[in-house]
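Structure, as structure tokens:
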Amino acid sequence: MRQSRESDIGGYDWTTIILWASLVFAGWSMIFAAGYLDDGSFVSFYDLNKTYGRQMLWIVIGVVIVGIIQLIESNLYRAFAPLFYIFAAFLLIAVLFTKPVNGATSWFDLGGFRFQPSEFAKVATCIMLATFLSLPNSRMQELKVKMIAMGIILCPLLLVLLQGDVGSALVYFAFTIMLFRAGMDAYIYVLGLIVVALSIAALLFDEIWWLINFILFIANFFFVKFMKKNNIWVSCIVLHGLITYLFFREDSYVFLTVITGLVFLTLATLNFIEKNWESSVFTMFFSGLAVFFVTSVNYIVNNLIGAHRQERIWVWLRPEKCHPLGPLYNVEQSKYAIGSGGWTGKGFLQGERTKLDYVPEQSTDFIFCTIGEEWGFFGSFIIIGIFFALILRVLFIAQRQRSLFVKFYALGVACILFFHVFINIGMTTGLVPVIGIPLPFISYGGSSFISFSILLGMLIKFDSDRLYVFR
Amino acid sequence: MQDLYQDRQKVLQVAFVIGGLMLLFQCFQIQVLDKSYQLQHSYREALTLYPSRGAIKDRNGELLVHNLAMYDLLVTYNKVKKSDIDTLAFCKLLGINDSVFFAHMNKDFNDKYYSKRKPYDFLTQIPGDKFASIEERLFQFPGFESRRKSVRGYPAQVGAHIFGYISEVNSTQIKNSKGLYQRGDYSGTTGLELSYEEQLRGVRGVEHVLKDKWGKRKGKYKEGKLDVAAKSGLDLITSIDLKLQEYGEKLMKNKIGAIVAIEPSSGEILAMISSPAYKPSVLAVNRDRKNAYNKLQQDSLIPLFNRALMAQYPPGSIFKPVLSAIGLQEKILTPNRSMNCVGGFIYGSLKIGCHSHGPVNTVSAAIQYSCNKYYCQTFKELINVYGFYYPEKGMDFLSKHLYDWGLGRKLGVDVPNEASGHVPNTAYYNRKHGKGVWKFSHAVSVGIGQGELLITPLQMANMAAIIANRGFYYIPHFAKKFGTDSTTILDKYKVRHYTKIHPRNFEAVVQGMKDVVLAGTAQRSKIPGIVLCGKTGTVENNKGEDHSTFIGFAPMDKPKIAIAVYVENGGFGAAYAAPISSLMIELYLKGNIDSITRKELEEYILKANLIDKANENYSLVH
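Protein chains in written order, with the working numbering: chain D, 17 to 487; chain B, 509 to 1130.
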């Protein structure tokens, strides 16, 4: 049974392919712009001594690989998924024994070209997870299935972490978004978001009394609610909270927190008297945990995660704490470069900031600076637009699949793409802390480019088969 | 499994769209809303502000060492490539040809040290006067920038050994300095420049400027909030008397040796001359320095060697006043002890000769006539003070005395590389002859300042200062104070160091030294109107002509200057060392040399040439 539509010649999803191709083209032009200096140093587009020349080579190799992928029976990928996965894990272990580059053992050195197995492990993990979730007896309601799914993600994650490459390890969290779609318990994500929000709130200020006060106030609110007292009590608590936040100065917060704490204890006692055991223990436990957490976040950041990461967190949340010429410099320069583009940018090859080394890593992780500087807000808008059109298109592709395997695979692709794009552009613009991961199809680098090509290449292959078979 | 969570697809879509909108908004914020990012000229550069190094002045405030402006020209390869400059005009401006230009321009860019995007040295150490014309037109050549540095200039071309020189810090120094030094900084390498590096160098400052893409300054970064002004180094006021130093170097011309003059009441060094000397500007930072340094190093007379501090000479007869004072203190001698000199000291087969002289009835007369027998006998009695069979104890006893006189050890002068000299002690003779084998007779020549005893000219001058002070000294030093700053590092020079000799025991010694000049060996060196006390020394030299040496101080009461002069191969002490000392002292105390006889003496010294003319290397430098 073969339906033919004008939009998918040969069964391929041409929307995806056009978006993809335009990203590759834009990416190469940006690498060219970041690497090109003047006519004197320019030899040819294929000059392998330059980043743009080598990227051209990678693009050709990527196209060939995508072509080969289309020729292979798609069932094979699914059948061999465990094999890919084990092979990827093997590579991740093997790479631990190489010589460290910049403090991380993430690369195999193959005669001048460096090969990063963690990029390919992402693809293998994606297929493996999709294969596992599409098994007939994989029911997400079962704890065992949840554990195995988490295990499939954590295994490569920990191996990448062992290499010392935290950025690439964090990317594996993208798969948890996919698990959410597959049916992982929602409360885990809610809790996770609360933890993140609390951490940021606690790190934003030196004094966290107001935050403890706030947590206790929420707890008090719940206590009153549980006691099913009439609205007068509830409004009293709300009024108490409002007065605390509106009318009191910062130096009296210790005193206020003590008062809120006393109210908290009184309400807890009242709750016990009324025998609301379950709800009061629950409230006390979580408010206690939250208070403990916010008081220890600063300690964790200052003492446990290492100076380098600590610095990045402070640069992100508390730039005023950082020396403007020290850790702040890179992010500030990156923002300056993007910001100096204005509405329309300085024009192709005119980005002085990126060219004169004001921005670090201007052709790999910070490639977005070149886009922002040379093409301005219109360029940023178009690139971000293409990326999110592609991500939403992949989500749409996922939705129209009948095969669960392809559906989950497509979801995984969408999540990885989203994670990479959001973190990378977010870090260059100062929205998220600096985490060194590449911008898909745009950043210079063979491993990254080819692994993303394989990821999308397999997706369009699976998608083109959707009407042939019923899996 | 079945896809039971279709509804979550919407959550995902909404979350992704929100994420995309956040990115777009952030871009909009920094690219469009916040105009501060769009300032074209916000290219920042941190310029180092070099502090000026402290000057060195003499005791009367005369400038000895000051700063001269010197410029380095730096180039950024890529900027030059981009702007396509007029190479020909540039070469003409600099006075170089284009092959030199390209040689300086094209570095090995595979080397980590050079980058096409960062400035590197193009031409270094261009003198200030030459650079003025270059700087005027430098803006026509984008990619080139200048870096001002201050190097050392010497208005008075004296005292090279004292001041030392500065040179560029090496990579180990940079690493060990914890950020104090950067590549291209200068620091003191020898002399006072090294000793007081910390005070002289000052503190580097930094200025953050904004530059446009052509490298032109557009203003201060963050209104100069992060700028730090450079702090100049402290001026060092030394104890040197420029006039005396110049005169000493003039007198020592064409002679090998050293002069050290000390103010006894403070330990301040008034002059320190090591000859042959070289002009300090020869080793000032400039492009010919390496060449000049090599020449100095190859010179057979080793002008780089500071004889005043580093040469260890046998003192000869100038040691006799010291031994007299020790003998008097230990009651070996009494001021009126007489000895019958029978032409020398004879002990078994050992004979140390003496010249013919008048009767020696007092210690003073012994010093006046420099009687060898008298001091051999004194030495014998000192060593045998615990009995003939215990010379070890006697020798240790004597060497401890000498140690208190600052002999056989470093005095701690504030110029590096001081030698300690050598005072032979029990351990030394035990090693040389075997324990229990040697007797006083093995060491007796030490009694007349020969043999194993070695003293540096600085220690000799300090000996004279001790006699002048009647028993104590201050550590000889150059640093008087630092500008207006009252640091405590110079406090160690304000402490009196006592010898074990009672002041009354110096009376006979000083009397004898007075007679040396009045009616003894140094009669020719009398200074009209000034009582000069001194002692000549003629040091036996089995390699050639004897060395001529003299220590002295003046006036006799409340001495203002103590001096030691050592002239290698000068013959009798009275021949060169004593006249030089007396001329130095006269100049210092009177301000000039006026009487006719004294002028003649000066003429005689200035004309004297004790350096073998065949040694042509020497003339290259001076």
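C-beta atoms are modelled at their ideal positions from N, C-alpha and C, and glycine is treated no differently.
Met166 (chain D) and Leu186 (chain D) have their alpha carbons spaced roughly 14 angstroms apart. Residue state for His339 (chain D) is assigned as coil, using DSSP reduced to three classes.
Residue contact with chain D for Met818 (chain B): absent (no Cβ-Cβ distance below 8 angstroms to any residue of chain D). Interface residue (Cβ-Cβ distance to chain B less than 8 angstroms): Lys66 (chain D) is not classified as such.
Look at the beta carbons and you see the stretch 428 to 438 of chain D touching the stretch 141 to 152 of chain D: at least three pairs across the two are nearer than 8 angstroms. Per the DSSP secondary-structure output, Asp125 (chain D) pairs in a beta bridge with D:Arg130. For Leu572 (chain B), the uninterrupted beta strand (DSSP E) run begins and ends at 571 to 583, by DSSP.
For the 8 angstroms CB-CB criterion, Ile764 (chain B) and Ile781 (chain B) do not form a contact.
Counting of Cβ neighbours within 10 angstroms places Glu1110 (chain B) among the buried residues, the total reaching 16 or more. Assigned with DSSP and collapsed to three states, Gly43 (chain D) falls in helix. Of the residues B:Gly852, B:Gly856, B:Lys859, B:Ser857, the one whose Cα lies closest to the Cα of His865 (chain B) is B:Gly852. For Phe827 (chain B), there is no enclosing beta strand (DSSP E), as DSSP gives it neither H nor E. By the criterion of at least three beta-carbon pairs nearer than 8 angstroms, the stretch 934 to 952 of chain B is in contact with the stretch 897 to 907 of chain B.
At least one C-beta of chain D is nearer than 8 angstroms to the C-beta of Arg516 (chain B). Here Glu960 (chain B) has Pro932 as same chain residues with Cβ atoms under 6 angstroms from its own Cβ, once five neighbours each way along the sequence are excluded. Looking only at B:Asn925, B:Thr964, B:Tyr1096, the smallest Cα-Cα distance to Ser703 (chain B) is reached by B:Asn925.
The three-state secondary structure of Glu1053 (chain B), taken from DSSP, is coil. By the criterion of a C-beta distance shorter than 8 angstroms, Leu631 (chain B) is surrounded in its chain by Asp580, Leu581, Leu602, Ile604, His612, once the five residues flanking it on both sides are discounted. Taking the beta carbon of Ile593 (chain B) as reference, no residue of chain D falls within 7 angstroms; the closest one sits roughly 13 angstroms away. Of all C-beta pairs linking the stretch 552 to 572 of chain B to the stretch 657 to 664 of chain B, three or more are shorter than 8 angstroms, placing the two stretches in contact. Apart from the 5 residues on each side of it in sequence, Val279 (chain D) sits with its Cβ closer than 6 angstroms to the Cβ of Asn236 in its chain, given in chain order. Assigned with DSSP and collapsed to three states, Glu644 (chain B) falls in helix.
When Cβ pairs closer than 8 angstroms are counted between the two stretches, the stretch 645 to 656 of chain B is seen to touch the stretch 584 to 602 of chain B, the count reaching three or more.
Interface annotation, Val540 (chain B): in contact with chain D, CB-CB separation under 8 angstroms. Distances from the CA of Arg660 (chain B) to each of B:Tyr882, B:Glu701, B:Leu817 were compared; the closest alpha carbon is that of B:Glu701.
Pairing Gly322 (chain D) with Ala353 (chain D) gives a Cβ-Cβ distance that is not under 8 angstroms.
The stretch 63 to 72 of chain D and the stretch 45 to 53 of chain D touch, with no fewer than 3 CB-CB distances between them shorter than 8 angstroms. For the pair of segments examined, the stretch 813 to 820 of chain B was found not to touch the stretch 1026 to 1039 of chain B: the number of CB pairs separated by less than 8 angstroms stays below three. Contact between the stretch 300 to 316 of chain D and the stretch 208 to 222 of chain D is present: 3 or more CB-CB pairs across the two stretches fall below 8 angstroms. Rounded to whole angstroms, the Cβ separation of Ile674 (chain B) and Gly696 (chain B) is 5 angstroms, and the two are in contact under 8 angstroms. Rounded to the nearest whole angstrom, the C-alpha separation of Asn977 (chain B) and Ile1069 (chain B) is 10 angstroms. Counting C-beta pairs closer than 8 angstroms gives three or more between the stretch 823 to 838 of chain B and the stretch 1011 to 1024 of chain B, which meets the contact rule.
Across the stretch 387 to 398 of chain D, CB contacts with chain B closer than 8 angstroms involve Gly388, Gly392, Phe393, Ser396, Phe397, in sequence order along the chain. Identification of residues in the stretch 1092 to 1103 of chain B having a C-beta nearer than 9 angstroms to some C-beta of chain D yields an empty set. Tyr545 (chain B) has a beta carbon lying within less than 8 angstroms of a beta carbon in chain D. Residues of the stretch 406 to 429 of chain D with a C-beta less than 7 angstroms from any C-beta of chain B: Ile407, Leu408, Leu411, Gln415, Leu420, Lys423, listed in chain order.
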